[in-house]
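Asks: The opening residue of the sequence shown carries number 1 in UniProt numbering; numbering runs sequentially from there.
All residues carry an ideal CB built from backbone N, CA and C; glycine is no exception.
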Amino acid sequence: MRKSMVIKEGAHPIMGLETVLGDPSKCYMGHSRLGPYGYGEKDFVQESDETAIPRVDWTDVDWSSLQSECLQRNQRLYAPYTVTASRFVLPDKGAGETSKSNQSDNASSTSSVTRPRTAVIFRSWADYDFKGSILPYLRSLITELSLQSGGEYEIFLLVHIKDPSLEIFSAPDLYQTFLETAVPSELRGITLLWSEALLEAWYPKVPEHNVEQQIYQAVQLFSKLRPDFEYIWQFELDSRLIGDTRGALESIANWARAQPRKHLWERNAGFYIPYVHGSYEDYSAFVEDEVDGIGVWGSATSSDIEPIGLAPPPHDHPNASRWGIGEEADLITLMPMVDTRGINWVFSDRIGNFMDGLFTARRAAPVAMTRCSKRLLHAIHDEQTRSGRWLPSEATPETFALLLGLKGVYAPHPMYLDGDWTPEKINELFNAGPASNLGGGKPSIYHSDWTHREIFKALTWWWPMPEHAHEHYPMKIWQAYVTGACVPQMLLHPMKG
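In structure tokens, the structure reads:
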């Protein structure tokens, strides 16, 4: 086993908390994880029939059936539910429902004796190329998350069909034709197709339905279709998680659950840089001292939205500082949630049908990969169908969680940097805002014309840069990971090339 040369020996992340994803002392090798799922099969030469490892004919595998069978065997652990629809339909039967269901879609349909279930969605598009490591990666995730958890997690694909007609959603044969051309046979049972035309049919009061503006509408429809899932993680298909996937997602959820509400939205807005801030407790104390009692307490003020979250205790209550500890997060983001008012974020002026207009309290967390609760997604669905209130994708769940008084948490996962920038310089650039909105400085790092944008492609987690995407640091780390290096647990994005 060789140590990764793309992560220097003894190096620590430039941003984030190593323990957010689990045990930071472990490292992981790609072939031992992906090899059993078909990665690199063509590179192996079997020496004899006695030592040959049978290869799987993946065209005979149906991951949907395997996940369903696993759930059925463990159904006693979860609230009763019968799946009545496996694809999106048009809203031609009223009531704003995507299917009939025998389970309530209230805030929580689980009890103290049943476990909440979590869907893990990967977003893709119709002409996505499933070559390379992506299929072995997805197979490993289904096994690790769904099958090994006894059905607590379930994996799905949401595939964007760029067809302007609605016929596909009313003609089963046509839908099947699109499905067969969009994804490999083993994934068809876990795939749901959607289009901008479908979103427009469901949300006619919202003016735009493209990925940049309304990707969460497809996730909202999924949550209405499958209310048996209390939480939904959604990732882009060009993201990767190195390490123990189930352990990492549970560790993130545990970390978010343990966060107190006091000054939470202010802590959420900053990039935690250990070399500069010290421990996370030191960072929290710094924010609290600088904010000095001014901040979001419960929900932000809105002329439109009535809070549905827990009412906060009085500021001077003896346990006010512990409010929220142990409360499940309705929203978990993987980037800081910054207040976009007054900064030159590319989508700062994109908001519609809010009475307060551009003065509406808002938060945004690029890139749009999050865990959302059913309660949050259904509330957004209701607001958009009834009143057409909208924001761009990267500000939608963040802003609604803020206005609804729900618990939103930025999970500061470890982010590594390939380069010679000092922690002090990174802090100066990324935390240029006031203490209540550290990541919301001017000029904004979230603007495509930011002066130091070359730093982005040197980070393990950011958004795609169009030039030389295959040379970005995440690609270098992944290549080392699948060719024998032992790599620390981390999230990678983007994976282009």
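So what does Trp-462 bridge to, in DSSP terms?
Replies: Answer is none; Trp-462 lacks a bridge partner.
Asks: Pick helix, strand or coil for Met-369, following the three-state DSSP scheme.
Replies: Met-369 falls in the coil class under three-state DSSP.
Asks: To the nearest angstrom, report how far apart Tyr-175 and Thr-385 are at their CA atoms.
Replies: Those two C-alpha atoms are separated by around 25 Å.
Asks: Going along the chain, which residues of its own chain have a beta-carbon closer than 6 Å to the beta-carbon of Gly-405, five neighbours each way excluded?
Replies: Correct list, in chain order: Gly-298, Ser-299, Pro-307 and Gly-309.
Asks: In three-state DSSP terms, what is Arg-240?
Replies: Arg-240: strand per DSSP, three-state reduction.
Asks: Return the Cβ separation of residue 503 and Phe-359 in integer angstroms, given the expectation that the two are a contact with Cβ distance under 8 Å.
Replies: One cannot answer for residue 503 here, as it falls past the ends of the chain, which runs 1 to 497.
Asks: Could you tell me the alpha carbon to alpha carbon distance between Pro-172 and Asp-62, rounded to whole angstroms?
Replies: Pro-172 and Asp-62: Cα-Cα distance of roughly 20 Å.
Asks: Give the DSSP-derived three-state secondary structure of Phe-297 in the structure shown.
Replies: According to the sequence provided, residue 297 is Trp. The question's Phe does not apply to it. Reduced to three states, the DSSP call for Trp-297 is coil.
Asks: Buried or exposed: which applies to Pro-204, given that a residue is buried once 16 or more other Cβ atoms fall within 10 Å of its Cβ?
Replies: Looking at its Cβ environment, which holds fewer than 16 other Cβ atoms inside 10 Å, Pro-204 is exposed.
Asks: With a threshold of 16 other CB atoms inside 10 Å of the CB of Asn-431, please say whether the residue is buried or exposed.
Replies: Label assigned to Asn-431: buried.
Asks: Nearest CA to the CA of Arg-117: which residue from Asn-344, Ser-32, Tyr-81 and Tyr-275?
Replies: Among Asn-344, Ser-32, Tyr-81 and Tyr-275, the Cα nearest to that of Arg-117 is on Tyr-81.
Asks: Residues in its own chain within less than 6 Å of Trp-462 by CB, not counting five upstream and five downstream?
Replies: Correct list, in chain order: Phe-456.
Asks: Considering only the alpha carbon of each residue, which of Thr-84, His-209, Lys-26 and Val-409 lies closest to Leu-264?
Replies: Out of Thr-84, His-209, Lys-26 and Val-409, Val-409 has the C-alpha closest to the C-alpha of Leu-264.
Asks: Using the Cβ count rule (16 or more neighbours within 10 Å means buried), how would you classify Met-29?
Replies: The residue in question, Met-29, is buried, as its Cβ has 16 or more Cβ neighbours within 10 Å.
Asks: If Val-120 and Ile-161 are in contact, beta carbons under 8 Å, what's the gap, nearest whole angstrom?
Replies: With a Cβ gap of about 21 Å, Val-120 and Ile-161 do not count as contacting.
Asks: Rounding to the nearest angstrom, what Cα-Cα distance links residue 498 and Ile-332 in this structure?
Replies: Residue 498 cannot be examined here, being either before or after the span of the chain that is shown, 1 to 497.
Asks: In whole angstroms, what is the alpha-carbon distance linking Ile-325 and Gly-440?
Replies: Each residue's alpha carbon lies about 26 Å from the other.
Asks: CA-CA distance, Ser-251 and Ser-436?
Replies: The alpha-carbon atoms of Ser-251 and Ser-436 are separated by roughly 26 Å.
Asks: Unbroken alpha helix (DSSP H) runs of length 4 or more, entirely within the region 353 to 426: which are they?
Replies: Runs found: 374 to 386 and 396 to 404.
Asks: From the DSSP secondary-structure annotation, give me the bridge partner or partners of Gln-234.
Replies: Ile-121 and Thr-370, per the DSSP bridge assignment.
Asks: Can you tell me whether Ala-248 is buried or exposed, with buried defined as 16 or more other CB within 10 angstroms of its CB?
Replies: By the neighbour-count rule (16 or more Cβ atoms within 10 Å), Ala-248 is buried.
Asks: What does Ile-155 pair with, by DSSP beta-bridge criteria?
Replies: The partner list for Ile-155 (beta bridge, DSSP) reads Val-120.
Asks: Could you please give the first and the last residue of the uninterrupted alpha helix (DSSP H) stretch that includes Thr-245?
Replies: Note, Thr-245: alpha helix (DSSP H), 245 to 257.
Asks: Put Ala-320 into one of helix, strand or coil per three-state DSSP.
Replies: Reduced to three states, the DSSP call for Ala-320 is helix.
Asks: So, Leu-225 versus Phe-122, is the Cβ gap smaller than 8 Å?
Replies: Result no, Cβ atoms of Leu-225 and Phe-122 do not sit closer than 8 Å.
Asks: Between Asp-304 and Met-355, is the Cβ-Cβ spacing less than 8 Å?
Replies: The answer is yes: Cβ separation under 8 Å.
Asks: Who are the near neighbours of Val-367 in its chain, counting only those whose CB is closer than 6 Å to its CB and skipping five residues on each side?
Replies: Result list for Val-367: Trp-463, in chain order.
Asks: For Leu-492, does the three-state DSSP call read helix, strand or coil?
Replies: Three-state result, Leu-492: strand.
Asks: Is Gln-148 buried or exposed, if buried means 16 or more other CB atoms sit within 10 Å of its CB?
Replies: Exposed, by the Cβ-count rule.
Asks: In terms of residue numbering, what span does the beta strand (DSSP E) encompassing Met-29 cover?
Replies: It spans 27 to 29 - the beta strand (DSSP E) in which Met-29 sits, taken as one unbroken run.
Asks: Which partner residues does Phe-229 have in the DSSP bridge list?
Replies: Paired residues: Arg-117.
Asks: Between the region 414 to 434 and the region 30 to 38, are three or more C-beta pairs nearer than 8 Å?
Replies: No, because fewer than three Cβ pairs between the region 414 to 434 and the region 30 to 38 fall closer than 8 Å, the two stretches do not touch.
Asks: Return the CA-CA distance between Arg-363 and Phe-400, expressed in angstroms with no decimal places.
Replies: Arg-363 and Phe-400: Cα-Cα distance of roughly 9 Å.
Asks: So Trp-194 is in the alpha helix (DSSP H); what residue range does that whole segment cover?
Replies: Here Trp-194 belongs to no alpha helix (DSSP H); instead the beta strand (DSSP E) covers 191 to 194.
Asks: Among the residues of its own chain, which have a CB less than 6 Å from the CB of Ser-195, if the five just before and after it don't count?
Replies: Result list for Ser-195: Ile-161 and Asp-163, in chain order.
Asks: Can you give the beta carbon distance from Ser-223 to His-378, rounded, assuming they're within the 8 Å contact cut?
Replies: Contact holds; Cβ gap of about 6 Å.
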